[in-house]
Structure formats: C-alpha cells, structure tokens
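>
Chains as they are written, first to last, in the working numbering: chain A, 1 to 493; chain B, 494 to 810.
1. Apart from the five residues on each side of it in sequence, which residues of its chain come closer than 7 angstroms, Cβ to Cβ, to residue 114 of chain A?
2. Measure the C-alpha to C-alpha separation of residue 370 of chain A and residue 346 of chain A and round it to an integer number of angstroms.
3. So, are the CB atoms of residue 77 of chain A and residue 165 of chain A less than 9 angstroms apart?
4. Determine which residues share a DSSP beta bridge with residue 768 of chain B and list them.
5. On the premise that residue 336 of chain A lies in contact with residue 51 of chain A, defined as a C-beta separation below 8 angstroms, what is that separation, rounded to the nearest angstrom?
6. Starting from residue 431 of chain A, trace the alpha helix (DSSP H) in both directions and tell me its first and last residue.
7. Can you tell which of A:192, A:67, A:272 has the C-alpha that lies nearest to the C-alpha of residue 392 of chain A?
8. Nearest chain B C-beta to residue 417 of chain A closer than 9 angstroms, yes or no?
9. Less than 9 angstroms between the beta carbons of residue 521 of chain B and residue 772 of chain B, yes or no?
10. List the residues of chain B that residue 217 of chain A touches, going by C-beta distances under 7 angstroms, in chain order.
11. Can you pull the chain A residues whose beta carbon is under 7 angstroms from the beta carbon of residue 761 of chain B, in chain order?
12. In whole angstroms, what is the alpha-carbon distance linking residue 109 of chain A and residue 210 of chain A?
13. Within the 9 angstroms Cβ cut-off, does residue 570 of chain B reach chain A?
14. Given residue 640 of chain B, which residues of its chain have a CB within under 6 angstroms of its CB, disregarding the five upstream and five downstream residues?
15. Ignoring anything shorter than 4 residues or poking outside the region 125-189 of chain A, list the alpha helix (DSSP H) runs there in chain order.
16. Flag residue 382 of chain A as yes if its beta-carbon sits less than 9 angstroms from any beta-carbon of chain B, otherwise no.
17. If you measure from the beta carbon of residue 659 of chain B to each beta carbon in chain A, is any gap under 9 angstroms?
18. Taking CB distances under 9 angstroms as the criterion, tell me whether residue 386 of chain A reaches chain B.
19. Here's a check: name, in chain order, each residue in its chain whose Cβ is nearer than 7 angstroms to the Cβ of residue 730 of chain B, leaving out the five neighbours to either side.
20. Can you give the Cα-Cα distance for residue 770 of chain B and residue 159 of chain A, rounded to whole angstroms?
21. Ends of the beta strand (DSSP E) at residue 214 of chain A?
22. Should residue 667 of chain B be flagged as near chain A, meaning a C-beta pair shorter than 9 angstroms?
23. On a CA-only basis, which of A:120, A:89, A:378, A:182 is nearest residue 348 of chain A? Give me that one, please.
24. For residue 380 of chain A, I'd like the list of residues in its chain whose CB is within less than 7 angstroms of its CB, leaving aside the five on either flank, ordered along the chain.
25. Expressed to the nearest angstrom, what Euclidean distance is found between the alpha-carbon atoms of residue 587 of chain B and residue 643 of chain B?
26. Using 10 angstroms around the beta-carbon of residue 716 of chain B, count the other beta-carbons present and answer buried if the total reaches 16, otherwise exposed.
27. Closest to residue 366 of chain A by CA distance: which of A:281, A:39, A:467, A:152 is it?
28. Short check: CB of residue 308 of chain A to CB of residue 409 of chain A, under 9 angstroms?
29. Name the chain A residues whose beta carbon is nearer than 8 angstroms to that of residue 585 of chain B?
30. For residue 691 of chain B, count neighbouring C-beta atoms within 10 Å of its own C-beta (all shown protein chains included) and say buried if the count is 16 or more, exposed if not.
31. Using only the alpha-carbon positions, how far apart do residue 267 of chain A and residue 47 of chain A sit?
32. Would you call residue 456 of chain A buried or exposed, if buried means 16 or more other Cβ atoms sit within 10 Å of its Cβ?
33. Could you pull the start and end residues of the alpha helix (DSSP H) that residue 331 of chain A belongs to?
34. Taking the straight line between their C-alpha atoms, what separation do you get for residue 193 of chain A and residue 488 of chain A?
35. Pairs of beta-carbons, one from the region 530-545 of chain B and one from the region 556-564 of chain B, closer than 8 angstroms: are there three or more?
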C-alpha cells in the first residue's frame, strides 16, 4: 500500500515536472559568431573574438562598461580617488568566488595587475596600466592603486577586457579553460565548432536569465543565414549588411542596428610624399564622398565621421563638414600643391569586405580628381607586417575598433606617422585631466585638430547589425566596448 | 611482393622528408608575424617582442627545424602559437570529423557511382546510358559547396529534417554527430560519384572489347557473366587510381564544404592557422596531410599489385 502511494506520488511529481518543463520559457541561447577566438584569455591577446565570448560573461574587472559606454561598479562595489588623482582605493565585493570554487579577494586583484605589469607579460595593452606604481592590499576587501600621474580615463581602462581579474591558481590555463568570477562559467570548447557557457550558480551579482549559452562559429554569410532560418542558432551580434534584407521584413527576427567603436579610415602615410603635404591630404578629403562610400560598402549602415571618434561618445563633435565633397576644391588644392595632373599611389586592402569594397569606390572617386590608385589586396598577417610594422604603404583602409583610440595620433611612430607636438601636448593634458567638462573640451579640440589636418581620410563608423530571434530581449544594440554581454539576455513570450 | 612493398616504403619515407623540408622553409618565408597578429594594431612593439620571445621565434631557422623534426619523431608536434594547445591534440580533434566525413563521402560515392558506371557500360548506347552519363556530367559540373547549400535549403531550412551544419562531438551524442555529417557527405559525394561512374563505364567498355572477354564468351559464358567475372576486375585498375586521388582530396580539400556546414574539420583548421600565421600548427597539419596522402598512394600501389599480379612481377625484376 505504502509503495503504491509512493509510486503514485512520484508519478504525480514527474508529470507536474514534465508539464512544467513544457510550459517553461527556454533558457538557452545559441549565438552565431563569424570568428572563432584563437584562445579565451582576454588578458593575453587583442582579438575581438575573445571578448565576444568571455568579456563580462566569464571574466569581470574592477569596473565594467555598460552599453552606453559609461563606467559601472564591477568587482569593486565602490572607490575613492584622492584629491591629486593619484591614489585609487577600491572596496571589493564580498562573497565573490571564481568558477573553480576558490575565493576572490584583494590578493587576486594584486596578482592580476602584477601579471599585466610583469616583464614577461603578454598583455596586449600593458601601457594603459604602466602608470601604476604600487598595488597595496589594505585588507582582503580593500585594495589601493597608486599612479605616477593622473589618468583621466583610468576607471574606463580598468573595465577593459585586458584588465579582468584572474586567479593565481588558474591564470596559466585561461587560454583554453578560462576561470573567472562572471555570471557564466566556461563548460567546454569544441575547437572549430563552439564554446559552451553555463550560468554560474553562486554568482555574487544579480542572477542572469539564461542557464546556458553556446557560441557557434560560422564564417560564411550564406551559411549563417541558413542557420538562422533553420533555427539552429538564435541570433548573431553582427551580420553582414549585404544579406540583412532577408531578415528585415521577417517577423520572426529582430534586426538590431547600432554603433560600434570601429572608425573606418583611409589611413595615409603622413611621412611619405606627397602625403606629407597638408594640401594633398585636404584635396583627398574633398574628393571623398562619404555617403556614396557608405551606401556602396555597407548598404547605408554606418555613420559618416569627420574625425577618428565614435559618434555615440559623449565627447563627439560632428566635423564631417570640415572638408565637404567638392571636386573643384580638391583639384584646386592639388594644383596649389604642384600636382595639377594628380598623382599615382597604392592602396593596400586587408581581407575584410568593408575595406575591399570601399577601396574600389574610393579609387573611382579619386580618379575624378586625377589621383590614380592601384589596389593591392593583402592578408591580415601581411598587412600587419607591411603596413603596420614596416610602414611600407601609401594608403590603406582599416577600422580602428578600440574605444577612445585617438591617443594613437599622439604617437609619432604609429604606422600613419602623424607627428604634431601641439596635438601630443593636448593628449597628454587630456590623459591627465579628470574633470569631465574640461576633458570634453580637450577632446573636442583634439578631434578638431585631426579633422583640420586631414591626417587620414575619415570614412564612417562601422554599424553593428545584429539579427536575433524576435523573442529574445536584452541584447546590446550598441557596442561601446568589444564584447557580447549575455547578462540581460532573456526569452519572452 | 615483399620487395615491392619495401621499395614503395622507402619512397614513402623520402617523400616525407623532402616534404618536411619544403613545408618548413616555405612557411618561414611567409611575411607576417604571429605575435603581432595576436596582439593587434594597438599593441606596443615591446609587448610584441616579448611574445615573440615566448613563442621561441627568435632562434635561428635550422635550430627550429631540427627541434621540430626531433619533436615529431617523438610524437610531439609542438604547441600552437595562437591557441596555446598541443598541435597533435588540435589536429587529432579535427581528424575525428574529417576522416569519418571523407570515409562516408567515399562509401556513398562508391555505392552510387560504381553500379551506375557498370549499368551504363552494360547498356552502352541505350537511353539509360545517356541518362546516366548526362546526370554524371552535371554532377561533375556542379560545385559541391553550391550543392551543399541547396541540400541545406531543402533538408534543413524547409523540411527541418537535418541540422543545417555544425557538429556534435561523437562522445556527446553519436547520433547527432552522424546526422551532422549526412548533408556534407552527400555534397562531397556527388562529384566523386559522378567521376567514378564515368571512369567505371569507360574502363568497362574498354575491357568488354578485349580478346579474353571474347574467349570467355566462346567458352559459353553469357555477356553478363563474362563481364562480371573477367571484366570488372580488370576495369578496377583505373578506378582504384581515381579512388586513391579522391580520398586524398577528401581529406585535404574539403575546406569549402566545411565552411558551408561549419564543421570543425582539418581544412578549416589549416585555413585559419595560415591566416593567423600559426606556423607551427600549419606545419604539423600539413605534414599529417602529406602522410595521409602518401600513405593512401602507397596503399593504392599495393592494391594495384594485388589486383594485377603483373605489376608485382615487373617490380621485382
């Protein structure tokens, strides 16, 4: 009798559970991404594909960047900055654990920064953290960082993927088995195929909606289209704009158009004649028809820019009218520069659609003022060696995707070779300023100098064009920092 | 027969050594720096130099070559620069997809191509022959990636019977793994089956005109018996040659189909590794391919000798 009741009860429980499962919302998401990361350690590589998978999902920093680009508390729940801007004291969250169960405290923070600053560090951006002169553990939940000079955007830099907090026990294996403190724990990586993350139960912060997320690596656009249509994946954060039309009228999908940090520019070798002549660069700027380039390259997605600065940034100023599209003005400037018949140059194009297509459009636009471009297609590795390292180029097209990378223009050894002491002094002042209003004025001044000097041809800000299942919410529309943050993603009815 | 096999084995070893030398030096000449690739365009030169040192790229070329060969002889293919994982492990994982895929495609193409070829030869000049040959011609002409997309549209997007791509590891769900390989194997098998059918038909037609078939017929066998017992075996020689080449192609040349079905195969691994200048991985994978292809050729040669005793005798002289 007793047994029968038990069996009956069990059956009832099972039925209820099964019915509950059938009714419940799905809590898994499968995301298609074009590039597979080479490794999963964001502190030892610059590939955006790494951050897409792990940034803010598996790993967290002291601060985190939200979808407006603003700095929010991360592992540090609060901080104080000394009057002189040199001492930062962070109060850390209590009860935080790494995914392998080890606890998180100030010693892990100290370890992480010492690792970035070590002589054998393989961090892609140790220079952001070089000004740190001392790292002091005050108590297990308080850490103090001292700088040798004030850095205006230090809190932002702490929120980058390069500065996530890792544990001494697991840091060496993070490339293939990442262990962080984030809301999602790494489960497995089927190389060439997918990475699987699962919600981490003991996560210290607000619980996330998803229980599981898979990143599926699909390089081919037509294949990605089929995978979306067949329901094999639930969305992708950046879909090729030429195939976007398939999804735009489809009620089962939500096309999410936003901005990125990718300023696409016609990089110009400023040290090489005739590009060392301001008039020649101004002529090229007048010869560019940005809207035609955007329409032809990305089907109209993306905003024109007049300086290397993201339009969604609060410091942005619209400078697209500095040198408007004007063929007569371009020809006149070329004549003034002693080149009335124009000149010939090479344009090296890396293997990305935006570069290859816009290169052809620019070649035809330049031809109208007598500048004859020879287009040379190169691979990325070759581009890095020829153009970036050896500076053996006239012109090239590339998107600079890191947030706030205007500082590169203050480095005379950077590949486009812009050497302007006035600008360098301005950037140094900007870096050392913490007052927001002053920073904004300085940033606008910096953009204006770069626009007037026509250092490079400023083309457009790459758009982010996501395609998602219409029942998914919480995806970032804009991408102010490299990543695909799962925190707010959820299924709705 | 043993001497024949030994001579072939020696040739095999020499081929491998030459291939290793060529692979190493050719890749060393490629422009591009893996350290720079990993750290991207905002990295400082100091950071790049440090990483180069850690990857062991600063040693002279001959030292790296000797280290590479010695390592491989002990089964150590080195550690991938960009993926920071053992090369042997990475390649092994991919072979778990590429080899079954190649074998399935091979089996399908043989199961379809050979009978059709025999049938066409038996019905030479008839309507069936024409239909089979026109179909085969079309099959050769259709690019396999395009056929793959058509298959995806029909079976995955419209009917939803099979996944549009991707691969579930064998140890997780072998049924799902198998389902994931159906469409790609079909896409790969179509041109191969078409070629096999054509070669089989031509070879059999050639053989049917031979004296020994007439003799067999004179002894009282029907045409069907004569062709089956004496013709097919002789017609298999050119077919074996094609099969050997096809298998090599299926292991090394499936990158486009792997892309269409986003399969984690060897072709895609090599493609990515080349663009990322993960030279140690490219070298290891290329050597594995050379071994596979030359081993297939070796086996084809030995299979020849088994089918045709004349080849053995000639080579022992």
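The beta carbon of each residue, even a glycine, is placed where N, CA and C say it ideally should be.
Per the coordinate set shown:
1. Residues of the same chain with a CB within less than 7 angstroms of the CB of residue 114 of chain A, apart from the 5 flanking positions on each side, are 135 in chain order.
2. Roughly 14 angstroms separates the two Cα atoms.
3. In this structure, residue 77 of chain A keeps its C-beta atom at 9 angstroms or more from the C-beta atom of residue 165 of chain A.
4. The partner list for residue 768 of chain B (beta bridge, DSSP) is empty, contrary to what the question assumes.
5. In fact, because the Cβ distance is near 46 angstroms, the residues do not count as touching under 8 angstroms.
6. Per DSSP, residue 431 of chain A is one residue of the alpha helix (DSSP H) stretching across 421-431.
7. With respect to the C-alpha of residue 392 of chain A, the residue from A:192, A:67, A:272 having the closest C-alpha is A:272.
8. Answer no: the Cβ-Cβ gap between residue 417 of chain A and chain B never drops below 9 angstroms.
9. Contact flag set, yes.
10. Going along chain B in sequence order, the residues near residue 217 of chain A (Cβ under 7 angstroms) are 755.
11. For residue 761 of chain B, the C-beta contacts it makes with chain A under 7 angstroms involve 192, in order along the chain.
12. The alpha-carbon atoms of residue 109 of chain A and residue 210 of chain A are separated by roughly 28 angstroms.
13. Chain A, which has no Cβ nearer than 9 angstroms to the Cβ of residue 570 of chain B, makes this no.
14. Here the set comprises 680, 683.
15. 154-158, all fully within the region 125-189 of chain A.
16. Residue 382 of chain A counts as touching chain B.
17. So yes, residue 659 of chain B belongs to the interface.
18. Yes, residue 386 of chain A counts as interfacial toward chain B.
19. For residue 730 of chain B, the CB contacts under 7 angstroms within the same chain, skipping 5 residues up- and downstream, are 797, 800, 801 in chain order.
20. Cα-Cα distance, rounded: 30 angstroms.
21. Looking at the DSSP string, the run of the beta strand (DSSP E) that includes residue 214 of chain A is 212-217.
22. No - not a single Cβ of chain A is within 9 angstroms of the one on residue 667 of chain B.
23. Taking the Cα of residue 348 of chain A as reference, the smallest distance to any Cα among A:120, A:89, A:378, A:182 is reached at A:378.
24. Answer for residue 380 of chain A: 350, 351, listed in chain order.
25. If you take the alpha carbons of residue 587 of chain B and residue 643 of chain B, they lie about 25 angstroms apart.
26. Label assigned to residue 716 of chain B: exposed.
27. Nearest option by C-alpha distance: A:281.
28. Cβ atoms of residue 308 of chain A and residue 409 of chain A: closer than 9 angstroms.
29. Within 8 angstroms Cβ-Cβ: nothing; residue 585 of chain B doesn't reach chain A, min ~10 angstroms.
30. Classification of residue 691 of chain B: buried, given that the 10 Å Cβ count is 16 or more.
31. If you take the alpha carbons of residue 267 of chain A and residue 47 of chain A, they lie about 21 angstroms apart.
32. Its Cβ being crowded by 16 or more others within 10 Å, residue 456 of chain A is buried.
33. Per DSSP, the continuous alpha helix (DSSP H) segment holding residue 331 of chain A begins and ends at 327-336.
34. Cα-Cα distance, rounded: 25 angstroms.
35. Of all C-beta pairs linking the region 530-545 of chain B to the region 556-564 of chain B, fewer than three are shorter than 8 angstroms, placing the two stretches out of contact.
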